[in-house]
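> Just so it is clear: in the sequence shown, position 44 is 459 by this note's numbering, and no numbers are missing.
All C-beta atoms in this analysis are idealised placements derived from N, C-alpha and C, irrespective of residue type, glycine included.
Take this structure, written in structure tokens, and hold onto it; I'll ask about it next.
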Amino acid sequence: MKYRRFGKLNWEVSALGFGAMRLPTIDDNKSTIDEPEAIEMIRYAIDHGVNYLDTGYPYHQGNSEKLVGKALKDGYRDKIKLATKLPARFVESAQDFNRYFNEQLERLQMEKIDFYLLHGLNGQRWRMMRDFGILKWAEEKMEQGKFDYFGFSFHDDYQAFKEIVDAYDNWALAQIQYNYMDVYFQAGRRGIEYAVNKNLAIVVMEPLRGGRLSKQPPPSVGRILDTAPHKRTPAEWGLLWIWNQPEVSVTLSGMSTMEQVKENITTADNSVPGMLTSEELFLINEVRDAYNKLNPVPCTGCKYCMPCPNNVEIPQILQIYNEAIMYEDLPGGQLRYNNPDMLKEEFRADQCVECGVCLEACPQKISIIEWLKKAQELLKQ
416 MKYRRFGKLN WEVSALGFGA MRLPTIDDNK STIDEPEAIE MIRYAIDHGV
466 NYLDTGYPYH QGNSEKLVGK ALKDGYRDKI KLATKLPARF VESAQDFNRY
516 FNEQLERLQM EKIDFYLLHG LNGQRWRMMR DFGILKWAEE KMEQGKFDYF
566 GFSFHDDYQA FKEIVDAYDN WALAQIQYNY MDVYFQAGRR GIEYAVNKNL
616 AIVVMEPLRG GRLSKQPPPS VGRILDTAPH KRTPAEWGLL WIWNQPEVSV
666 TLSGMSTMEQ VKENITTADN SVPGMLTSEE LFLINEVRDA YNKLNPVPCT
716 GCKYCMPCPN NVEIPQILQI YNEAIMYEDL PGGQLRYNNP DMLKEEFRAD
766 QCVECGVCLE ACPQKISIIE WLKKAQELLK Q
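Right under this line is the structure:
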């Protein structure tokens with residue numbers, strides 16, 4: 416495993432971090448984790464050098480933290496730095512800080528956490544948390560030894576990112592969405608450079624855009640990748656593009672199978688900052704341009720828009736719509752959309768009542784209601 420500097424800390428982090436948001440499940444039920452498989456995957460990763468594990472309060476409908484707590488028994492807790500997050504979008508008052516934090520410690524079956532993050536900050540949520548006194552609360556918890564370092568994960572524009580970074584001198588890390596499709600999206604490359612100049616560690620999430628950059632690419636993209644002198648899988652290209660940048664401390668991968676764990680560890684073992692040639696970087700730029708011509712909805716499948724009050728399966732519908740366009744497979748998209756075994760009628764886009772709850776929750780600021788209308792029009796038979 417390759418290791419990197421973690422901001423201002425006197426500690427080196429594995430290039431690959433384990434993100435516990437997409438663990439293997441049973442019967443495709445996100446709340447029902449396949450515990451033996453997930454524990455084996457996490458422990459395999461740790462045994463092969465991964466020393467950073469990230470989870471969060473809402474992951475797997477609250478069950479990710481419980482699983483992580485089980486996986487880190489038998490001595491594994493001492494081999495890894497653990498990060499989890501305060502669900503900022505659920506907080507209604509300062510009293511919620513202790514309520515959520517204590518619940519998380521109970522779920523994890525731990526007395527302390529290494530890194531505690533404010534989850535999914537945008538400018539509005541940050542100001543609310545700030546006014547509730549989150550910084551004073553965090554300082555007190557660190558003095559009490561309840562967690563060692565404070566950070567935040569982020570979904571908003573660069574100006575909001577800069578505001579948050581500048582608001583507190585003791586941030587340890589900033590976690591941002593970053594991949595070769597999102598160079599200028601949200602905080603983006605500009606935010607990375609700003610945070611690094613403030614000695615923050617950079618934790619990258621969604622390096623493969625919710626797994627979409629690891630899939631078999633559409634023909635227009637595949638033709639570009641076929642011209643590369645070094646043949647790599649789509650996932651390797653996506654991860655190596657990030658690891659090529661020395662400013663990135665750790666890249667989280669939400670791995671769902673043991674095969675993915677092994678492949679990503681191998682790729683991390685072969686990663687070196689600056690390893691990609693100028694020709695390879697130009698090739699990835701061409702891939703980005705080709706994807707941008709095909710992919711209409713910038714959904715990463717994070718599922719923050721769920722549950723929908725009217726039971727619309729928003730991420731699944733947007734994925735079907737995107738893939739029908741990207742892969743030029745309208746019949747396949749219509750088959751998936753109209754097959755009740757894949758998407759029940761009561762969960763389809765025409766059940767949307769335009770309440771707007773999803774718009775507020777979406778970290779990508781996607782016009783979900785309008786895209787649902789387009790998906791219904793294109794896919795309904």
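1) So the alpha helix (DSSP H) W426 belongs to, where does it begin and stop?
2) Whole beta strand (DSSP E) runs in the region 439-513 with 3 or more residues, listed along the chain?
3) What do you reckon, are the CB atoms on W658 and A430 nearer than 8 Å?
4) What did DSSP end up calling F600 once you bin it into helix, strand or coil?
5) Enumerate in chain order the residues of its own chain whose CB-to-CB distance from P632 is below 7 Å, with the five nearest sequence positions on each side excluded.
6) Terminal residues of the continuous beta strand (DSSP E) containing R420?
7) Thinking just about the alpha-carbon of each residue, which of E427, L794, Y459, G747 is nearest to the one in A486?
8) Under 8 Å: do the region 662-672 and the region 766-777 share three or more Cβ pairs, one atom per stretch?
9) Among G606, P622, G434, which one has its Cα closest to the Cα of A616?
10) Could you check whether L536 and S508 sit closer than 8 Å to each other, using their CB atoms as the reference points?
11) For T735, collect the residues of the same chain with a Cβ closer than 6 Å to its Cβ; drop the 5 residues on either side in sequence, then sort them by chain order.
12) Exposed or buried, P724, counting other C-beta atoms within 10 Å across all chains shown (16 or more means buried)?
13) Tell me whether L709 sits in a helix, a strand or coil according to DSSP, three-state version.
14) Please report the distance separating the alpha-carbon of Q519 from that of A503.
15) Rounded to a whole number of angstroms, what is the C-alpha to C-alpha distance between E555 and E521?
16) Alpha carbon to alpha carbon, how far is V465 from G625? Give it in angstroms, no decimals.
17) Could you pull the DSSP bridge partners for L667 from this structure?
18) By Cβ distance, which residues of its chain are closer than 6 Å to D597, with the 5 residues on each side in sequence left out?
19) For L615, name the three-state secondary structure that DSSP assigns.
20) So, with DSSP's three-state summary, where would you put A764?
21) What is the DSSP secondary structure of S568, reduced to helix, strand or coil?
22) Is the Cβ-Cβ distance between G566 and L523 less than 8 Å?
23) Only counting the same chain, and skipping five residues up and downstream in sequence, which positions put a Cβ closer than 7 Å to that of T447?
24) Below 8 Å between beta carbons: does that hold for L424 and A587?
25) Quick one: any contact between the region 472-486 and the region 536-549, if contact means 3 or more CB pairs under 8 Å?
26) Just to confirm the assignment, what range does the beta strand (DSSP E) spanning I781 have?
27) Hey, how far is the Cα of N614 from the Cα of E526?
28) Between L787 and I732, which are expected to be in contact by the criterion C-beta below 8 Å, what is the C-beta distance as a whole number of angstroms?
29) Going by DSSP, what residue range makes up the alpha helix (DSSP H) through A575?
30) State buried or exposed for E760, treating a residue as buried only when at least 16 other CB atoms are found within 10 Å of its CB.
31) Rounded to the nearest angstrom, what separates S635 and F505 at their Cα positions?
32) Does the beta-carbon of R763 have 16 or more other beta-carbons within 10 angstroms, so that it is buried, or is it exposed?
33) F516 to L501, Cα distance in whole Å?
34) To the nearest angstrom, report how far apart P722 and R437 are at their CA atoms.
35) Which partner residues of A589 appear in the DSSP bridge assignment?
36) If you measure between the beta carbons of L709 and W656, is that distance less than 8 Å?
Quick look at the numbers:
1) Where W426 is concerned, there is no enclosing alpha helix (DSSP H), given that its DSSP letter is neither H nor E.
2) 444-448, 467-469, 496-501
3) yes
4) Of the three classes helix, strand and coil, the one that applies to F600 here is coil, per DSSP.
5) L640, P649
6) Start and end: 418-420.
7) For the options E427, L794, Y459, G747, the alpha carbon positioned closest to that of A486 is the one of Y459.
8) no
9) G606
10) no
11) In the sequence under discussion, the amino acid at residue 735 is Ile, which differs from the Thr named in the question. Cβ neighbours of I735 beyond the five flanking positions: G748, R751, Y752.
12) Exposed is the call here.
13) coil
14) 14 Å
15) Near 19 Å, if we compare the C-alpha coordinates of E521 and E555.
16) 20 Å
17) G432
18) none
19) DSSP, read as helix, strand or coil, puts L615 in coil.
20) helix
21) Looking at S568 - three-state DSSP - the assignment turns out to be strand.
22) If you check the CB distance, G566 and L523 do not come in under 8 Å.
23) T440, I441
24) yes
25) no
26) Taken as a continuous stretch (DSSP letters only), I781 belongs to no beta strand (DSSP E), as it is neither H nor E.
27) 28 Å
28) 6 Å
29) 573-581
30) exposed
31) 42 Å
32) buried
33) 7 Å
34) 17 Å
35) For A589, which the question treats as bridged, DSSP gives the partners F567, I617.
36) no
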